[in-house]
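Student:
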Amino acid sequence: MVFEGIAKTALLGFEMGMTLVLVTVGLTLIFGMMDVINFAHGSLYMLGAYFGLAVVGVTGNWWAALLVAPLLVGLLGGLIEYFSIRPLYGRNPLYHILLTFGFAIMLHGLVTEIWGGQVQNISTPAVLDGSVDLVLFSYPLFRLFVLGVSIAVTAALWLAIRQSDFGIVMRASAHDSEMVDALGTDVNRVFTAVFVLGAVLAGLAGVLLGTARAVDPGMAASVIIQAFAIVVIGGLGSYRGAVVGAFIVGMLNAFGPMFAPQFTDALLYLLMAAVLLVKPAGLFGNPEAT
Amino acid sequence: MGGGGGGSDSVKLGFVLPFSGTYSFLGESIVNGVKLRLDQQLDGEIDGRTVEYVRQDTGADPSTGASITQEFLQSENVDFIVGPVSSAVAGAMKPEIAGTGSAIWLNANAGNYKLVQDNCTKYHFRTSFNTWQTSAPLASFVKNNVSDNVVLSYANYTFGQQSKNLFREEFESIGGTVVSEIGAPLGTSDYSSFLQEIENSGADAVFSFFAGSDAVNYIKQFSSFGLNETMTQTGSGFLLSADTLQAQGKAALGMYSLLHYTPTKQSDRNQEFVDAYSGQFDATPNVYACQGYDSGLAAEMAVKEAGGTDADTMVDSLSGKELDSPRGYFKFRSSTHDPIMDMDIRQVVEANEGVRNEVVETLSKVEGPTWGCSL
Numbered sequence: 000m001v002f003e004g005i006a007k008t009a010l011l012g013f014e015m016g017m018t019l020v021l022v023t024v025g026l027t028l029i030f031g032m033m034d035v036i037n038f039a040h041g042s043l044y045m046l047g048a049y050f051g052l053a054v055v056g057v058t059g060n061w062w063a064a065l066l067v068a069p070l071l072v073g074l075l076g077g078l079i080e081y082f083s084i085r086p087l088y089g090r091n092p093l094y095h096i097l098l099t100f101g102f103a104i105m106l107h108g109l110v111t112e113i114w115g116g117q118v119q120n121i122s123t124p125a126v127l128d129g130s131v132d133l134v135l136f137s138y139p140l141f142r143l144f145v146l147g148v149s150i151a152v153t154a155a156l157w158l159a160i161r162q163s164d165f166g167i168v169m170r171a172s173a174h175d176s177e178m179v180d181a182l183g184t185d186v187n188r189v190f191t192a193v194f195v196l197g198a199v200l201a202g203l204a205g206v207l208l209g210t211a212r213a214v215d216p217g218m219a220a221s222v223i224i225q226a227f228a229i230v231v232i233g234g235l236g237s238y239r240g241a242v243v244g245a246f247i248v249g250m251l252n253a254f255g256p257m258f259a260p261q262f263t264d265a266l267l268y269l270l271m272a273a274v275l276l277v278k279p280a281g282l283f284g285n286p287e288a289t
Numbered sequence: 000m001g002g003g004g005g006g007s008d009s010v011k012l013g014f015v016l017p018f019s020g021t022y023s024f025l026g027e028s029i030v031n032g033v034k035l036r037l038d039q040q041l042d043g044e045i046d047g048r049t050v051e052y053v054r055q056d057t058g059a060d061p062s063t064g065a066s067i068t069q070e071f072l073q074s075e076n077v078d079f080i081v082g083p084v085s086s087a088v089a090g091a092m093k094p095e096i097a098g099t100g101s102a103i104w105l106n107a108n109a110g111n112y113k114l115v116q117d118n119c120t121k122y123h124f125r126t127s128f129n130t131w132q133t134s135a136p137l138a139s140f141v142k143n144n145v146s147d148n149v150v151l152s153y154a155n156y157t158f159g160q161q162s163k164n165l166f167r168e169e170f171e172s173i174g175g176t177v178v179s180e181i182g183a184p185l186g187t188s189d190y191s192s193f194l195q196e197i198e199n200s201g202a203d204a205v206f207s208f209f210a211g212s213d214a215v216n217y218i219k220q221f222s223s224f225g226l227n228e229t230m231t232q233t234g235s236g237f238l239l240s241a242d243t244l245q246a247q248g249k250a251a252l253g254m255y256s257l258l259h260y261t262p263t264k265q266s267d268r269n270q271e272f273v274d275a276y277s278g279q280f281d282a283t284p285n286v287y288a289c290q291g292y293d294s295g296l297a298a299e300m301a302v303k304e305a306g307g308t309d310a311d312t313m314v315d316s317l318s319g320k321e322l323d324s325p326r327g328y329f330k331f332r333s334s335t336h337d338p339i340m341d342m343d344i345r346q347v348v349e350a351n352e353g354v355r356n357e358v359v360e361t362l363s364k365v366e367g368p369t370w371g372c373s374l
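Protein chains in written order, with numbering that gives the first Met the number 0: chain A, 0 to 289; chain B, 0 to 374.
1) Applying the criterion that 16 or more other CB atoms from any shown protein chain within 10 Å of the CB defines a buried residue, is A/Ile113 buried or exposed?
2) Go through its chain and collect everything with a Cβ distance to A/Gly242's Cβ below 7 Å, but skip five positions before and after it.
3) When DSSP labels each residue in this structure, what does A/Ile232 get in the three-state scheme?
4) Determine which residues of the region 188-205 of chain A have a Cβ less than 7 Å from any Cβ of chain B, and write them out in chain order.
5) Look at the Cβ atom of B/Arg345, then the Cβ atom of B/Val354, and state whether they are nearer than 8 Å.
6) Under a three-way DSSP split, which group does A/Gly47 fall into?
7) Do you know offhand how far B/Thr261's Cα is from B/Thr361's?
8) So is B/Gly306 in contact with chain A if we call contact Cβ pairs under 8 Å?
9) Buried or exposed, going by whether 16 or more other CB atoms sit within 10 Å of the CB of A/Leu66?
10) Keeping to the same chain, check which residues put their C-beta closer than 6 Å to that of B/Ser188; ignore five residues upstream and five downstream.
11) Please report how far the alpha carbon of B/Ile103 lies from the alpha carbon of B/Cys372, in whole angstroms.
12) Using a Cβ cut-off of 8 Å, pull out every chain A residue sitting near B/Asp242, in sequence order please.
13) Please work out which residues of its chain come closer than 7 Å, Cβ to Cβ, to B/Ala297, disregarding the five sequence neighbours upstream and downstream, and give them in chain order.
14) B/Gly2 to B/Thr231, Cα distance in whole Å?
15) Indicate whether at least one CB of chain A lies closer than 8 Å to the CB of B/Pro383.
16) Against chain A, does B/Ser294 count as a neighbour if the rule is that its beta carbon must be under 8 Å from one of theirs?
17) Within 10 Å of its beta-carbon, does A/Gln162 have 16 or more other beta-carbons around it, so buried, or fewer, so exposed?
18) When the cut-off is 8 Å and only beta carbons count, does A/Ala48 lie next to chain B?
19) If contact means a Cβ-Cβ distance below 9 Å, which residues of the region 195-220 of chain B contact chain C?
20) Taking only three categories from DSSP, how would you classify B/Thr233?
21) Please report the distance separating the alpha-carbon of A/Asn37 from that of B/Ser85.
22) Name the residue from A/Leu203, A/Gly108, A/Val231 whose alpha carbon lies nearest to the alpha carbon of A/Ser149.
23) Under 8 Å, Cβ to Cβ, is there at least one residue of chain B near A/Asn252?
24) Using DSSP with H/G/I as helix, E/B as strand and the rest coil, what is A/Lys7?
25) Name the one or two DSSP bridge partners that B/Tyr255 has.
26) Does any residue of chain B have a CB that is nearer than 8 Å to the CB of A/Gly4?
27) Any Cβ of chain B within less than 8 Å of the Cβ of A/Gly59?
28) For A/Asp185, go through chain B and note every residue whose CB falls closer than 9 Å to its CB, in chain order.
29) Given a cut-off of 8 Å, decide if A/Val230 and A/Thr27 are closer than it, judged by their beta-carbon atoms.
30) Name the two residues that bound the continuous beta strand (DSSP E) containing B/Ala154.
31) What in chain B is Cβ-close to A/Met257, meaning under 8 Å?
Structural data, given as structure tokens:
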């Protein structure tokens, strides 16, 4: 009984952590490459859910939403980067913070204007409805699906960054963008590609979690706080840090209510403060980069 | 100071409501309700006086609410303050209204019972509900029909804490057992680990307070983890209300809740209201729209009975009076100016498109404590 409870809570924590990875990876890659602190990242996540809602509304097909909504978010992310963020590279990072914060407010207003402030819902596709018997306990099938997608995406991205040519250029650009530029690679295009990638991942997370949970304009704010906490814990700009940080926060979210239900929120900030005291650059951060 | 607005030929209402952010939908619903009564049904006139409005956005910020209230009272010379949504904003507005004493406050949503408990003011009339009314009266229904033991789960902020405390007091006073209680932070999006604790409690029923997107997230996850098969979910009506029920869908089937307004309530008065509202706004009225509508009814009655807009005279013409509310019986209690009203216990059932609340039992003329207030 106790063992089952702990096993189930551990799986819950693992699932929460892995889904948080989808949101935080984009945030951390964009910071790591371009030094842009993207406050609009939570809004891109929210847009993923609303675009998903719209695509399901038009086509009646959830799988179409899973495919199309992230691409639309990616397209919008690309436009935002190209037309507004790019002109500000090399300036004081405060400009980017103000700019993306402005986008967050605008997108919130736009979503409220188009879809209203009421809570909405994307129905789970019939084939993923119901639960699976995992011997010790049963678990909702859709949540296992989300977990599977998150693991697959995280692993694929890890491989891509480590192994592919684009990954090498990415890492090199993060390290010394001027040198990469001088060697004949258009760094600006790399930056746009990374921004689009981050937006697609946020959009994907939006469709998946919007289906598992509720869709409402407040979802942007609630995810961005956790995402920033994870990025700070893991180390700004570190992919490994984002994954490990998300895993830790997921476990904290899962086991927190078992031991201290009243303080779950506070635990996150206590952990963040503790990590910063010991390692000011985060668990995997590069102290020289900050 | 102009011509001292609120003079003999006009009635001025000031909306102190959220028009942006999470609660903007609630603010708009309240305004719609007020305008349905005063603009559509009364042609924008009460007793020959033209109705005027001013509105400003509080967001969810108490100090903004207080400063808008002050401005409305002192430079706009409003006769009625309608709002707010948030109980915290209401707390900040109270001293402004009590101190000035020049307008009637039609509290169209904030349910915090402490507004009445601490220095109650005669200018405060609740056209909504108080926390006790939306939680405690469900206790005897749960004890008699559902289970004699419950676990409490709630959004961990003032209103959620009040709701579960008031339910707990009542449930224990009639011999029920509260097995344990689990508070989740406001705005939690993943409730799975809290649900694990609810399941571990071993209780047969749950009493909850969650609202808005929290209510949708909580209920969907409650059912997806199969808790609906082993426990009966009950709660304050905001858990399963018209603004969340469509998003909750079949996950909410069979659950019980308590509220003072149910759009599907079978009565001629309600049907008339639903038809008028949906004809005007192309939407089904929710509880906030009803509270707005009742604020319109109260403003109408106050001005008519008082023969003008003098605040003290209007207080006397509303205190202890009944309103013809779509929700059922409604009377401003003389001692507190909170409503004495009918409360519906509803169960979620299947409907043509999705689900709806069906009234299982109506508790008539629910009063609750006075918390020492004696106006």
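Note that the Cβ used here is the ideal one computed from N, Cα and C, for glycine as well. Just so you know, these numbers come straight off a predicted model, no measurement behind them.
Tutor: So, from the data block:
1) exposed
2) Correcting the residue identity first, residue 242 of chain A is Val in this sequence and not Gly. Result list for A/Val242: Val20, Thr153, in chain order.
3) helix
4) Residues passing the 7 Å Cβ filter: none.
5) no
6) If DSSP states are grouped into helix, strand and coil, A/Gly47 belongs with the helices.
7) 11 Å
8) Not one chain A Cβ lies under 8 Å of B/Gly306.
9) By the neighbour-count criterion, in which 16 or more other beta carbons inside 10 Å mark a residue as buried, A/Leu66 falls on the exposed side.
10) Within the same chain, B/Ser188 has close Cβ partners Asn216.
11) 18 Å
12) Within 8 Å Cβ-Cβ: Gln117, Val118.
13) Within the same chain, B/Ala297 has close Cβ partners Leu105, Phe124, Thr126, Leu317, Leu322.
14) Residue placement at B/Gly2 is poorly supported in this model, since its pLDDT is 39, which falls under 50; the coordinates still yield a value, given next. Going by the C-alpha atoms only, they are around 60 Å apart.
15) What is shown of chain B runs 0 to 374, which leaves residue 383 of chain B out entirely.
16) no
17) Classification of A/Gln162: exposed, given that the 10 Å Cβ count is below 16.
18) By this cut-off, A/Ala48 is not an interface position.
19) Given the protein chain composition of this structure (A and B), no chain C is represented.
20) In the three-state reduction of the DSSP assignment, B/Thr233 falls in the strand class.
21) 31 Å
22) A/Leu203
23) yes
24) helix
25) According to DSSP, B/Tyr255 bridges with B/Thr233, B/Gln346.
26) yes
27) no
28) Near A/Asp185 there are no residues of chain B at all, since even the closest Cβ is about 39 Å away, more than 9 Å.
29) yes
30) B/Ala154 -> beta strand (DSSP E) spans 148-154.
31) Ser192, Gln195, Glu196
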